[in-house]
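Chains as they are written, first to last, in the numbering used here: chain A, 52 to 287; chain B, 177 to 378. Ideal Cβ placement from N, Cα and C applies to all residues, glycine included. This report refers to the structure that appears directly beneath it.
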């Protein structure tokens with residue numbers, strides 16, 4: 052653990068790449084010593100901002116206050132009972148049923164995706180978003196929006212979130228692909244909410260659906276239920 | 177990147193007002209209940225640090241304003257989830273801002289291969305723009321003093337990571353350090369700074 056412990060400083064100043072960050076957060080979840088150290092180092096790093104303080108334009112204040120007036124703060128993260136902490140495998144049949152239910156409750160397919168954010172994205176993501184056969188599945192989640200874009204010809208899928216709530220402290224979002232006869236297969240982690248574009252790992256082309264769950268930092272091998280949302284893919 | 181500049185000799189006097197620092201943790205708590213005026217006070221207390229940090233990291237003022245706007249919206253939405261047992265309110269808030277600013281420079285970089293205008297926009301700018309405007313607060317002076325106690329290598333590593341938004345691996349390469357040593361410099365430097373500044377665990 053000595054090696055991973057040494058990442059605390061780099062973590063405190065956001066100097067880890069995504070993989071290291073996921074590893075370190077997994078470690079953080081079980082190392083009180085590191086959590087305390089990170090808290091102190093973050094407070095220290097925050098002092099650096101004293102040296103660059105710059106008055107923002109007055110118009111920014113108005114925009115910020117106008118923004119928040121239209122959004123409700125999230126409820127506090129209420130401690131979850133034992134029932135929701137228990138993990139169990141989403142059996143293929145149950146998964147299928149859940150996905151059907153998801154369809155029943157209103158999946159909006161093919162929402163044209165605004166092009167305005169594309170310039171800041173990786174080209175692999177762009178390829179999927181601009182693929183001729185891109186399928187789009189949009190779900191509304193408590194004021195946020197998650198869109199799964201899949202290209203069967205590229206065998207790739209991208210999750211695009213808008214205004215997504217950040218995962219609870221110490222937790223991450225985990226993405227899953229649902230494969231017939233196999234069940235939910237881990238397809239990547241998303242450590243943050245907000246506006247994200249995440250390329251899924253695995254084989255979206257043959258998946259029957261996808262899902263998002265909340266998992267402990269570092270992710271899980273099997274989904275914790277209930278899922279945040281599920282997407283049912285069109286079948287060939 | 178240059179080390180943090182010392183306070184310009186003609187620096188403005190510490191900004192007037194705010195004789196007493198508001199309890200940011202309390203303002204966050206009130207914000208979590210939907211209290212917009214508490215949030216406005218929180219904004220007023222933090223805006224200069226938030227904006228200055230965003231400008232320093234993303235370098236482009238227009239983009240920095242976007243980062244600030246997005247960050248405050250996220251802070252508002254998640255204010256009820258701030259847990260004072262896990263760190264200070266300032267640290268919590270600036271962590272959100274810093275993360276967003278760093279995400280923005282990194283994703284902009286990822287697309288720069290086909291966005292040639294990015295390079296023109298992102299040539300290193302003189303730090304004068306922000307440094308001049310930086311408030312010569314007492315706290316800022318203390319921080320500069322503490323920074324001066326670090327080794328050059330520690331200070332450079334921290335500045336490239338925190339203000340430059342580079343990963344420790346990139347920092348190692350930029351400073352010609354063996355891979356894996358930059359993270360140690362960053363940690364050692366922060367610990368030194370923490371102890372110099374007398375920062376508690378939270």
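With a threshold of 7 Å on Cβ separation, who are the neighbours of residue i within its own chain once the five nearest residues in sequence on each side are excluded?
i                     : result
residue 272 (chain B) : 247, 250 and 251
residue 268 (chain A) : 76, 77, 79, 80, 221, 222 and 223
residue 285 (chain A) : 186
residue 125 (chain A) : 216
residue 85 (chain A)  : 56, 59, 78 and 79
residue 255 (chain B) : 204, 207 and 208
residue 266 (chain A) : 222, 223, 225 and 275
residue 217 (chain B) : 198 and 203
Can you give me the start and stop residues for the beta strand (DSSP E) that residue i sits inside?
i                     : result
residue 280 (chain A) : 280 to 283
residue 228 (chain B) : Not the beta strand (DSSP E): residue 228 (chain B) falls in the alpha helix (DSSP H), residues 212 to 234.
residue 376 (chain B) : Segment: none, residue 376 (chain B) is in no beta strand (DSSP E) and carries neither H nor E.
If the cut is a Cβ gap below 8 Å, which residues of chain B does residue i touch?
i                     : result
residue 218 (chain A) : Chain B residues near residue 218 (chain A): none, gap ~10 Å exceeds 8 Å.
residue 187 (chain A) : Residues of chain B passing the Cβ test: none, with the nearest at roughly 21 Å.
residue 127 (chain A) : 208, 256 and 257
residue 107 (chain A) : 223, 224, 226, 227, 241 and 244
residue 269 (chain A) : By Cβ distance, chain B contributes nothing, its closest Cβ being about 18 Å from residue 269 (chain A), past 8 Å.
residue 245 (chain A) : 246, 250 and 276
Hey, could you find the ends of the alpha helix (DSSP H) residue i is sitting in?
i                     : result
residue 332 (chain B) : 328 to 338
residue 201 (chain B) : 200 to 208
residue 316 (chain B) : 314 to 323
residue 109 (chain A) : 109 to 120
residue 345 (chain B) : 344 to 350
residue 245 (chain B) : 237 to 254
Under 8 Å Cβ-Cβ, which residues of chain A neighbour residue i?
i                     : result
residue 316 (chain B) : 101, 102 and 104
residue 337 (chain B) : 61, 64, 65 and 66
residue 313 (chain B) : 101 and 104
residue 267 (chain B) : 90, 93, 94, 96 and 97
residue 355 (chain B) : Correct list: empty, because the minimum Cβ distance to chain A is about 12 Å.
residue 404 (chain B) : Past the boundaries of the shown model lies residue 404 (chain B); chain B is included only from 177 to 378, so the question cannot be answered.
Going by beta carbon distance, what residues of the same chain come within less than 8 Å of residue i, once the five residues before and after it are set aside?
i                     : result
residue 373 (chain B) : 318, 319 and 322
residue 274 (chain B) : 229, 233 and 338
residue 296 (chain B) : Confidence is the limiting factor: at residue 296 (chain B) the pLDDT is only 42, short of 50, which leaves the residue's position unreliable, though a coordinate-based value still follows. So no residue of the chain qualifies.
residue 158 (chain A) : The pLDDT assigned to residue 158 (chain A) is 38, lower than 50, so where the model puts this residue is not dependable; a value taken from the coordinates is nonetheless given after this. Excluding positions up to five away in sequence, the list reads 188, 189, 190, 282 and 283.
residue 270 (chain A) : 73, 77, 223, 225, 237 and 240
residue 356 (chain B) : 348
residue 244 (chain B) : 223, 226, 227, 230 and 273
With a threshold of 6 Å on Cβ separation, who are the neighbours of residue i within its own chain once the five nearest residues in sequence on each side are excluded?
i                     : result
residue 376 (chain B) : none
residue 244 (chain A) : 215, 216 and 217
residue 262 (chain A) : 227, 278 and 281
residue 327 (chain B) : none
residue 112 (chain A) : none
residue 329 (chain B) : 361
residue 88 (chain A)  : 59
residue 201 (chain B) : 260 and 265
residue 65 (chain A)  : none
residue 211 (chain A) : 198 and 248
Can you pull the chain B neighbours of residue i, defined as C-beta to C-beta under 7 Å?
i                     : result
residue 65 (chain A)  : 274, 275 and 278
residue 124 (chain A) : 207, 208, 210, 252, 253, 255 and 256
residue 95 (chain A)  : 366, 369, 370, 373 and 375
residue 250 (chain A) : By Cβ distance, chain B contributes nothing, its closest Cβ being about 12 Å from residue 250 (chain A), past 7 Å.
Could you name the residues of chain A that residue i contacts, counting a contact when the two beta carbons are closer than 7 Å?
i                     : result
residue 281 (chain B) : What residue 281 (chain B) touches in chain A: nothing, since even the nearest Cβ is about 10 Å away.
residue 232 (chain B) : 103
residue 216 (chain B) : 116
residue 235 (chain B) : Going along chain A, no residue has its Cβ under 7 Å from residue 235 (chain B), so there is no contact; the nearest lies around 12 Å.
residue 270 (chain B) : 97 and 100
residue 331 (chain B) : The contacting residues do not exist; residue 331 (chain B) stays about 11 Å from chain A at best.
Please list the partners that residue i has in chain A, where partner means a Cβ-to-Cβ separation under 9 Å.
i                     : result
residue 264 (chain B) : 90, 93, 94 and 97
residue 327 (chain B) : Residues of chain A passing the Cβ test: none, with the nearest at roughly 14 Å.
Would you mind telling me which residues of chain B sit closer than 9 Å to residue i, beta carbon to beta carbon, in chain order?
i                    : result
residue 83 (chain A) : Per Cβ cutoff of 9 Å: no residues; residue 83 (chain A) is ~11 Å from chain B at best.
Kindly examine the ligand COA and report whether one of its heavy atoms sits closer than 6 Å to the Cβ of residue i.
i                     : result
residue 233 (chain B) : By its list of ligands, the structure shown contains no ligand whatsoever, and the ligand COA lies outside what it can speak to.
*Fully enclosed by the stretch 187 to 237 of chain A, which beta strand (DSSP E) runs are 3 residues long or longer?*
Scanning the stretch 187 to 237 of chain A from its first residue to its last, the whole beta strand (DSSP E) runs of 3-plus residues come out as 195 to 202, 207 to 215 and 222 to 230.
*Mind the definition here: the stretch 261 to 278 of chain B touches the stretch 226 to 234 of chain B only if three or more C-beta pairs lie below 8 Å; say whether that holds.*
Pairwise C-beta distances place the stretch 261 to 278 of chain B in contact with the stretch 226 to 234 of chain B, as three or more of them are shorter than 8 Å.
*Report yes or no: do the stretch 354 to 367 of chain B and the stretch 327 to 345 of chain B share at least 3 C-beta pairs separated by less than 8 Å?*
These segments touch.
*Between the stretch 205 to 218 of chain A and the stretch 249 to 258 of chain A, do three or more beta carbon pairs fall short of 8 Å?*
The stretch 205 to 218 of chain A is in contact with the stretch 249 to 258 of chain A.
*Can at least three beta-carbon pairs, one atom from the stretch 102 to 109 of chain A and one from the stretch 232 to 246 of chain B, be found at a separation below 8 Å?*
Touching, yes.
*Can you list the alpha helix (DSSP H) stretches of 4 or more residues lying completely in the stretch 59 to 90 of chain A, in chain order?*
Listed in chain order, they are 59 to 63 and 69 to 81.
*asked:* Check whether the stretch 88 to 101 of chain A and the stretch 55 to 66 of chain A are in contact - that is, three or more C-beta pairs closer than 8 Å.
replied: Yes: the two stretches touch, three or more of their Cβ pairs being nearer than 8 Å.
*What residue ranges within the stretch 236 to 267 of chain A form continuous beta strand (DSSP E) runs of no fewer than 3 residues, ordered along the chain?*
Whole beta strand (DSSP E) segments, 3+ residues: 245 to 250 and 260 to 267.
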